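Quick note, in the numbering used here, the sequence shown goes up one by one and the last residue is 94. Glycine included, each C-beta is placed from N, C-alpha and C at the ideal position. Since the structure is predicted, the reported quantities are computational estimates derived from the model, not experimental observations.
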Amino acid sequence: MAETNTTRRNVLKLGASLPAAAAALPIALRSEDAEAKTPKKQAQYQETPKNGQKCTGCQFWIETDGEMGKCRIVKGKIHPNGWCALYAAA
Ligand code: SF4
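Below is the structure:
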């Protein structure tokens with residue numbers, strides 16, 4: 005019986021801690037909503053590669069039909085040869 009109460013208590017504690025854990029995730033990674041994305045200036049975005057790194061080699065790159073692409077974590081249209089400080093190799 006005591007073990008059941010302990011288990012229930014642990015489940016309640018876990019449930020209470022999940023919203024806090026979700027809030028700790030970077031906003032940009034929780035949603036593709038444009039408002040949740042990082043502004044270009046804050047990401048130090050530039051439309052040229054840096055040290056051989058460019059958006060098309062980044063795990064956040066989103067290919068589009070047009071000349072410009074998109075990014076999962078940075079706002080706006082993104083140049084395929086662009087780069088920002090949030091770059092992460094694909
Ligand atoms: S380098 Fe920056 S802007 Fe380019 S795809 Fe990666 S995260 Fe997005």
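Worksheet item: So what does Ala93 bridge to, in DSSP terms?
Response: Cys62
Practice prompt. Tell me whether the beta-carbon of Glu67 lies closer than 8 Å to the beta-carbon of Gly61.
Written response: no
Discussion item. So for Lys54, helix, strand or coil by DSSP?
Written reply: strand
Worksheet entry | Inter-residue Cα distance where the pair is Ala4 and Asn55 | No statement about residue 4 is possible, as the shown extent of the chain runs from 5 to 94 and does not include it.
Fill in: Assigned secondary structure, Lys74 (DSSP; H/G/I helix, E/B strand, else coil)
strand
Worksheet item: Regarding Gly86 and ligand 1, is the C-beta to nearest heavy atom distance less than 7 Å?
Response: yes
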